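Student: Before we start, here is the structure in question, set down as structure tokens.
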Amino acid sequence: FTNEIHMESRITPKEEVELGTKTQEAIHLQQLHDDLQTKLGREPTDDEWCVAAGKINMEALEMVLEEGLEAKQQLVTSNLRMVQGVVNLYIRNGLGSQYNAGDLMQEGTMALIRAAEKFEPKRGFRFSTYAMYWIRAAVKRSQILQSRVIIVPQRLHETHKKVNRVEGELKKELGRKPNKPELALAVGITENQLERCLTAISQQCFSLDAELENTLNPNKGDMNRDNMYNILAAQYDNVEHRQLQSDFMKGDLVSTLRRYLPPHEVDLLLLRYGLMDERTVPHGFSGPLTIAEVSRLVGLKPDKVRRMINKSLRQLRHLIAHEWEDFEGELPKV
580 FTNEIHMESR ITPKEEVELG TKTQEAIHLQ QLHDDLQTKL GREPTDDEWC
630 VAAGKINMEA LEMVLEEGLE AKQQLVTSNL RMVQGVVNLY IRNGLGSQYN
680 AGDLMQEGTM ALIRAAEKFE PKRGFRFSTY AMYWIRAAVK RSQILQSRVI
730 IVPQRLHETH KKVNRVEGEL KKELGRKPNK PELALAVGIT ENQLERCLTA
780 ISQQCFSLDA ELENTLNPNK GDMNRDNMYN ILAAQYDNVE HRQLQSDFMK
830 GDLVSTLRRY LPPHEVDLLL LRYGLMDERT VPHGFSGPLT IAEVSRLVGL
880 KPDKVRRMIN KSLRQLRHLI AHEWEDFEGE LPKV
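Numbered per the numbering used here, the sequence shown spans residues 580 to 913.
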């Protein structure tokens with residue numbers, strides 16, 4: 580496609596005016612046809628169209644339409660170098676490899692076609708000057724759309740750029756970071772609009788296959804890693820199956836505790852972490868209990884209960900930590 584672009588010969592300013600005039604005349608005739616159809620409420624006849632257009636017959640009218648179509652095509656193909664130049668400029672200025680240059684070229688070419696349809700030579704401007712505005716706007720819009728998985732309107736991107744620029748100016752002027760009311764006033768938008776803009780731009784996407792690491796225990800290597808997909812899937816597993824699995828784990832854990840600790844220390848842990856059978860707990864006490872609630876149930880002072888629980892946990896860390904480290908991700912968080 581690039582080689583075909585450079586095979587097209589350039590046009591002179593005089594040819595540019597002629598091609599633009601023919602294009603506008605053809606578009607004017609088509610607009611007359613559409614206006615007649617709207618006015619009459621039906622398809623206009625050939626004679627009605629010729630009278631409105633000031634042409635002798637349909638042959639003359641069709642000739643103007645064909646010449647206008649050819650003129651627009653020549654006007655576009657001879658200026659495709661501009662589209663390639665704009666896309667190459669973006670690429671040279673650091674546009675990442677994640678952007679599709681073909682899509683940028685396509686958007687720029689469509690903008691060039693639109694510019695050829697809107698170009699009016701009688702205004703005295705060169706076509707390249709007029710078309711460059713359309714091409715740059717289209718390529719920039721395509722680049723913005725490709726830059727995000729979640730599409731954000733271009734106006735929000737423009738507002739965010741202005742916010743960043745004004746924020747830098749205010750920071751130099753005030754000697755501190757401006758607050759949101761000051762920033763919104765300087766940009767000329769409301770605080771709600773500023774908040775919506777910042778929220779929209781700050782959206783992030785994460786891969787379901789990306790590995791997640793438990794930052795509370797970062798030294799356990801691959802044993803402590805999982806991915807987002809497994810975590811989300813675990814939330815929607817069969818509820819009954821998960822309940823049975825939880826009950827079995829709870830029973831195994833209680834049996835392990837009773838194997839290594841005295842009965843009164845086991846009871847303290849079961850009450851503290853909500854592992855005690857609720858049928859054996861007095862009314863009004865359920866789930867994990869606070870130190871104060873445990874102390875009231877067992878008749879000991881809160882400090883003594885806390886010391887006994889901490890002592891038991893230190894013992895368990897050395898005795899059974901290796902047995903339960905594989906199930907750490909499935910244990911309830913309290």
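Here a beta-carbon is modelled for each residue, glycine too, at the ideal position from N, C-alpha and C. Keep in mind that this is a model prediction, so the values were computed, not measured.
Going by DSSP, which residues form a beta bridge with Glu945?
Tutor: Residue numbering for the chain in the displayed model covers 580 to 913; residue 945 lies beyond these limits and cannot be assessed.
Student: Between the C-alpha atoms of Glu597 and His612, what's the straight-line distance to the nearest angstrom?
Tutor: Looking at the two C-alpha atoms, the distance is approximately 23 Å.
Student: Can you give the Cα-Cα distance for Ser657 and Ile714, rounded to whole angstroms?
Tutor: One C-alpha to the other measures close to 14 Å.
Student: Hey, how far is the Cα of Asn889 from the Cα of Gly830?
Tutor: In a straight line, the C-alpha of Asn889 is about 22 Å away from that of Gly830.
Student: Identify, in the order they occur along the chain, each residue of the same chain with its Cβ nearer than 7 Å to the Cβ of Val665, setting aside the five sequence neighbours on each side.
Tutor: Gly687, Ile714, Arg715, Val718.
Student: Among Lys634, Asp625, Met689, which one has its Cα closest to the Cα of Leu654?
Tutor: Closest option to Leu654, Cα to Cα, is Met689.
Student: Does the stretch 846-854 touch the stretch 863-871, meaning 3 or more C-beta pairs lie closer than 8 Å?
Tutor: Yes, since at least three Cβ pairs between the stretch 863-871 and the stretch 846-854 fall closer than 8 Å, the two stretches touch.
Student: Would you mind working out which of Glu844, Met684, Tyr808 sits nearest Lys883, comparing C-alpha positions?
Tutor: It is Glu844.
Student: Between which two residues does the alpha helix (DSSP H) carrying Arg671 extend?
Tutor: It spans 659-671 - the alpha helix (DSSP H) in which Arg671 sits, taken as one unbroken run.
Student: Terminal residues of the continuous alpha helix (DSSP H) containing Phe704?
Tutor: Element bounds for Phe704: n/a, residue is neither H nor E.
Student: State the Cα-Cα distance for the pair Arg896 and Arg885, rounded to the nearest angstrom.
Tutor: If I take the Cα positions, the gap works out to 17 Å.
Student: Just verifying my parser: in three-state terms, what is the DSSP assignment at Gly754?
Tutor: Here Gly754 sits in coil by DSSP.
Student: Between Glu696, Ile606, Glu746, Glu622, which has its C-alpha nearest Leu644's C-alpha?
Tutor: Nearest option by C-alpha distance: Ile606.
Student: Is Leu648 closer than 8 Å to Trp628 when the C-beta atoms are compared?
Tutor: Contact: no.
Student: Taking the C-alpha atoms as reference points, what is the distance between Leu668 and Ile729?
Tutor: Distance between the alpha carbons of Leu668 and Ile729: 26 Å.
Student: With H, G and I counted as helix, E and B as strand and the rest as coil, what does DSSP make of Lys634?
Tutor: Residue state, collapsed to three classes: coil.
Student: Per DSSP, what kind of secondary structure is Ser588 in: helix, strand or coil?
Tutor: In this structure, Ser588 counts as coil in the three-state DSSP scheme.
Student: Can you tell me where the alpha helix (DSSP H) with Glu761 in it begins and where it stops?
Tutor: Start and end: 759-766.
Student: Among Cys776, Thr708, Thr769, Asp846, whose alpha-carbon lies nearest the alpha-carbon of Ser891?
Tutor: It is Asp846 whose Cα lies nearest to the Cα of Ser891.
Student: Assign Thr769 to buried or exposed, taking buried as 16 or more other Cβ atoms, counted over all protein chains shown, within 10 Å of its Cβ.
Tutor: With fewer than 16 Cβ atoms within 10 Å of its Cβ, Thr769 is classed as exposed.
Student: To the nearest angstrom, how far is it from the Cα of Met711 to the Cα of Ala639?
Tutor: Met711 and Ala639: Cα-Cα distance of roughly 34 Å.
Student: Can you tell me whether Ser726 is helix, strand or coil according to DSSP?
Tutor: Residue state, collapsed to three classes: coil.
Student: Classify Glu594 as helix, strand or coil using the three-state DSSP reduction.
Tutor: Reduced to three states, the DSSP call for Glu594 is helix.
Student: Less than 6 Å between C-beta atoms, sequence neighbours within five positions excluded: which residues of the same chain meet that for Met637?
Tutor: Excluding sequence neighbours, Met637 sits near Asp625.
Student: My assumption, with CB atoms under 8 Å, is that Leu724 sits in contact with Leu691. Please give the rounded CB distance.
Tutor: Their Cβ separation, rounded to whole angstroms, is 18 Å, which puts Leu724 and Leu691 out of contact at 8 Å.
Student: I believe Cys776 touches Val745 by the beta-carbon criterion, under 8 Å. Please report the beta-carbon distance rounded to the nearest angstrom.
Tutor: Rounded, the Cβ-Cβ distance is 12 Å, inconsistent with contact.
Student: Count the other C-beta atoms from every protein chain shown that fall within 10 angstroms of the C-beta of Ser834, then say buried if there are 16 or more, exposed otherwise.
Tutor: The residue in question, Ser834, is exposed, as its Cβ has fewer than 16 Cβ neighbours within 10 Å.
Student: Ignore the nearest five residues each way along the sequence and tell me which others in Leu608's own chain have a CB closer than 7 Å to its CB.
Tutor: Excluding residues within five positions, the ones whose Cβ falls inside 7 Å are Ala632, Leu640, Val643, Leu644.
Student: Going by other Cβ atoms of all chains shown within 10 Å of its Cβ, with 16 needed for buried, is Phe706 buried or exposed?
Tutor: Its Cβ being crowded by 16 or more others within 10 Å, Phe706 is buried.
Student: Which residue spans inside the stretch 851-891 form an unbroken alpha helix (DSSP H) run of at least 4?
Tutor: Counting whole runs of 4 or more residues, the stretch 851-891 contains the alpha helix (DSSP H) stretches 870-877.
Student: Alpha carbon to alpha carbon, how far is Gln894 from Pro881?
Tutor: So the alpha carbons of these two residues sit roughly 20 Å apart.
Student: Can you say whether Glu595 is buried or exposed, counting buried as having 16 or more other CB atoms within 10 angstroms of its CB?
Tutor: It counts as buried.
Student: Using 8 Å as the threshold, is the C-beta distance between Leu749 and Glu761 below it?
Tutor: Cβ distance < 8 Å, so Leu749 and Glu761 count as in contact.
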